[in-house]
Every structure is written in structure tokens, then in C-alpha cells.
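The block underneath contains the structure these notes are about, expressed in C-alpha cells.
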Amino acid sequence: MAFDDDLLAELDELGDDIADEPTTTNDRQPAQATADATDISALGEASNAGYMDQDHRDFIDKVAKKATSIFGIAQCARSVELRTLLSEIAQNQASTATSSIVGRVEDDKSYQLVLRANDMSARVAGEILLVHQFLLDHYKSRFPELETLVENPVDYARTVKAIGNAEDISQVKLDGILPNATQMVVVVTGSTTSGRLLSMEELEIVDEAADCLLDLSQAKLKIVGFIETKMPLIAPNTTRLIGASTAAQLIVEAGGLSALSKIPACNIQLLGKQKSTSLGFSSLTIKKHTGVLYYSEAVRMVPEDFRDKMVRKLAGKCALTARVDAQQTSPDGHVGVKFQRELNEQVAKLLEAAPLNAVKPLPIPDEGPKRRRGGRKVRKAREPFMATELQKQRDRLQFGKFQDEVVVMDELEGVGMLGQAAGRIRATQLNNRAQAKVAKKYKKYMKPY
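In terms of the UniProt record's numbering, the sequence shown is residues 1 to 449.
Next comes the structure, spelled out in C-alpha cells:
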């Protein structure tokens, strides 16, 4: 028991010593990040694919407003992971390795490095958007109109670095940063701006954010350049078909090139879908059954009404090129070029205008005598509608004599030559064929009594 008491007393003393030590935390570095890496990566993928919507912008505004320091949202700007990746990329580009891959693709060092670089590219793209919004919020009090004049994040950061806290913007040299027309608009607007001068602390935060954005932009350019250089060696046919960045994203989502070659086409078009919904956005703004392929350049060039059909066609071709790349049977990428040509022809045929339905002119009318059908049946059918002898006499007039008139329904009608015919009136001939036929056994009932 005495040993236990002594141990507890030593632990209490040790705890008091630890509690008395001052905490050395950086005031500019927050304890927790305002957004995790998954959300930032999903935001970067949306930016790279060009399908930014209002929910993405609301997310950027919310994260940027909550951040008290630039390093609270730019987690990988000074991270060891980014610096290590850039150094490995530089070493890989400086090495004199062969331009072809021998053996399994997954065992090659460049393959693993490309997958890591593609993942980091999405995170860097997302952080660029967040840092840009952070810079807009803090420099808005100095030059609020600059946000609408310069929309590109990198150009905006360079312009902010050049202008800074200058009172006379016309004296600032913006050559090489903005086009001449934009420079003139910026100078004229800056001379009448409603902003105020920044304090030293505010200017320091703005400069820090601008430097961070420019560093991230340079890192992204190096990473993207490396991916575009190495992907034609890893998956040449898939790269020729859908591009280096999209091909790398598909390989990352599938878990490798061999795994991608085993996935059917109906599932390839859904790869990357779970990352699109990781931000917790409303499901109404997210298109269903869409993945990385839907936001690729090959699909975005097609009108929106035909994109679903184009995704299905492209997924089928990607399934074939992935199998070809996994077997390394076409290192020059001619299969991908062939499939791309076929898709372009199908898209051109899909988008061509429908043939015009020409209005055919009516045929030339036949002016000659028309053939009229005759015969016993036709004459019998016309008999009820033929003019009688009385009607014919009523319609006739004798030359030089007035016709008699009678009143019919309060109207006078001429009687023509009725009653003026000379000679005997021929009795009406009966048509025995038109008489109703009666059976012999019923004729006795028809005899008069």
C-alpha cells in the first residue's frame, strides 16, 4: 500500500509540473482547421472540372469568413507533404529514367507518384479558391471594385501585391500583370474608389494571403505539368481519350490501373460520385449518376441534352482503353486515338441538323376527259336522283310565250311547258325488276276478297 501511495504522489507532482508549463502556441495558427482535406479536395475537383455551382460558392464564403488566419484554410500550403511531393517530382523529372515502363504498371515509382500528385492537385485547387475568397474579404475595404474587374485568382493576387496600400493607383505599374484595357479600367476605377487605406496589420494579412495564393498556384502548375508528362507513359490510350487529369482521377478512384481494367463500363461512369456529395450540399443541385467522366472535357463540349448519351459512350471506350493499358499492348496510344476519332464522328453525326422535309408540289391536273364508271348497277344507283318527265317539262320554256306561274309556299314559281305538250302522254313504264318479290305461299293472302 505504501508503494501505491508513493506512486500516486509522484504522478500528482508530475501532473502539476506539466500544468505549470506555459503553452507555446502560435496565435496566428488556429487549433482546428475550418475545413477538412476531403471537402477541400472535392471543391478542387469541382473547380478543375468547371462545374462550380451556388452551393460550392456558399461553402467557400462560409469557410473564408470563419477563418482567422490564412493558414487555417491553406493547410497544405506549408505542409511537409506538399514540400516532399514537389521535391520527389523534381527528382523524378531530373532523373534519366527510360521513357517506357517495364513490368507491372503498379510497381513503377512514377505511377505511385502520379497518383499522389493527382490527389494533391485537387487539394491545392480547392485551397486556391478558399485563399482567393479570404483575400477578397480582407482587401475589399481597400478596393471593393477590384473583385469585379479582375476575376482570375492569380491575377487578382498579383494586382493586390502591386497596388498594396498605394494612394495613387495611376503610379502603380501593372505591366505584365493585366492586359492594357483592364489596366486602364483598374486605374480609372481606383481613382474614384470608395475604399479606405489599410492598417499595417490588415496589409500584412493581405500580403500573406496573396503570397500564399501565388505559392499554391506555382505548386499546382508543377504538379499538373508532371501529371501531363507521366500519364502518357502510364496509361497512354486512356490519356489520349479523356485527358491526363481525368485519366489520373479515374485510376485513383478505381484503386489502380489493373482495378480500373476490371470495372464494367456502367460503373466507370459513376466513379468519383461519392466525392461530389461529400460537402453536404443539397441533393437537388447534384446531378444523379454522374462521376468524373461527366465533368471531363470530352463531355462538356457536347450540349447538355446529349451529355448523358456521351457519358455512356465514353465510359464504354474507357473500359476498353483501360484493359489495353493494363496489358501494355499499345504503348504508343494509337487505340485511344482511334476511339477518340470514332467518338468525334459520332458526336458530329449526333449534332448535325435534321434533314429538311421539302414541300412537294401538287401534280399537274389532268385536263382530259375523265373516265366515268357505267353499267347496270351504276344506272340503278342513279335512278332515284334522275330528273322526271314533269321536272324536265317544268324546266323547259317555249320561245315567245309567257309561262304560267303558280304560288308555292308564298312564292311564285314558273311551270314551264307543263300541260302544253302535244300528242299523247306516254304511260309510265313499270320496272318489274324493282317490284318486291313475295313467296308463293304468301300470295294467297294478297288476293282481294
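Quick reminder that beta carbons are idealized off the backbone N, C-alpha and C, glycines included. All values derive from a computational prediction rather than experimental measurement.
- Spanning the alpha carbons of Ala-247 and Val-337 requires a straight line of approximately 14 angstroms.
- Each residue's CA atom was taken as its position, placing Asp-61 and Gly-72 some 14 angstroms apart.
- A straight-line Cα-Cα distance of about 16 angstroms links Glu-151 and Gly-190.
- With respect to the C-alpha of Arg-78, the residue from Ala-219, Pro-355, Val-206 having the closest C-alpha is Ala-219.
- Here the alpha carbon of Pro-264 sits roughly 23 angstroms from the alpha carbon of Leu-233.
- As DSSP reads the structure, Val-406 sits in a beta bridge with Glu-413.
- Excluding five sequence positions before and after Ala-209, the CB atoms of its chain that fall closer than 7 angstroms to its own CB belong to Ile-70, Val-131, Phe-134, Leu-135, His-138, given in chain order.
- Secondary structure note for Gly-368: it is in no alpha helix (DSSP H), with a DSSP letter that is neither H nor E.
- The beta carbon of Val-335 is closer than 7 angstroms to those of Asn-237, Thr-321, Val-324 in its chain, skipping five residues each way along the sequence.
- Excluding the 5 residues flanking it on each side, Val-415 has same chain C-beta neighbours closer than 8 angstroms at Arg-394, Gln-403, Asp-404, Glu-405, Val-406, in chain order.
- Per DSSP, Arg-78 lies in no alpha helix (DSSP H) and is assigned neither H nor E.
- One Cα belongs to Leu-241, the other to Leu-129, and the distance between them is close to 29 angstroms.
- Given a length threshold of 4 residues, each whole run of the alpha helix (DSSP H) inside the stretch 333-402 is given here in chain order: 334-351, 376-382, 389-394.
- The Cβ neighbour count for Gly-333, taken over all protein chains shown within 10 Å, is at least 16; the residue is labelled buried.
- Put simply, the backbone Cα of Val-299 is about 12 angstroms away from that of Gln-340.
- In the three-state reduction of the DSSP assignment, Asn-267 falls in the helix class.
- One Cα belongs to Asn-267, the other to Leu-221, and the distance between them is close to 31 angstroms.
- Counted as a single uninterrupted DSSP element, the alpha helix (DSSP H) harbouring Arg-323 occupies residues 307-327.
- Looking from the CA of Leu-178, the closest CA among Ser-194, Asn-165, Thr-192, Val-160 belongs to Val-160.
- Of all alpha-carbon atoms in Gly-126, Met-386, Lys-349, the one lying nearest the alpha-carbon of Leu-216 is that of Gly-126.
- Annotation: Ala-117 to Leu-85 spans about 7 angstroms, alpha carbon to alpha carbon.
- Under the three-state reduction of DSSP, Phe-71 is assigned to helix.
- For Met-231, the enclosing alpha helix (DSSP H) has its first and last residue at 200-234.
- Rounded to the nearest whole angstrom, the C-alpha separation of Tyr-295 and Phe-306 is 13 angstroms.
- Judged by their CB atoms, Leu-250 and Gly-225 are not nearer to each other than the 9 angstroms cut-off.
- Going by DSSP, Gln-420 is part of no alpha helix (DSSP H) at all; its letter is neither H nor E.
- Burial check for Phe-385: the Cβ neighbour count within 10 Å stays below 16, so the residue is exposed.
- Per DSSP, the continuous alpha helix (DSSP H) segment holding Lys-443 begins and ends at 440-443.
- Contact annotation: Met-310 and Leu-343 have beta-carbon atoms nearer than 9 angstroms.
- Distances from the CA of Gln-420 to each of Gln-91, Ala-90, Lys-392, Leu-412 were compared; the closest alpha carbon is that of Lys-392.
- When the Cα atoms are used, Lys-66 and Phe-59 turn out to be separated by approximately 11 angstroms.
- For the set Val-408, Arg-158, Asp-108, the Cα lying nearest the Cα of Leu-213 is the one of Arg-158.
- The beta carbon of Ser-245 sits closer than 6 angstroms to none of the beta carbons in its chain outside the five residues before and after it.
- For the 9 angstroms CB-CB criterion, Gly-164 and Asp-119 do not form a contact.
- Within a 10 Å sphere around the beta-carbon of Lys-377 sit fewer than 16 other beta-carbons, which makes this residue exposed.
- Here Pro-153 carries a helix assignment [DSSP, helix/strand/coil].
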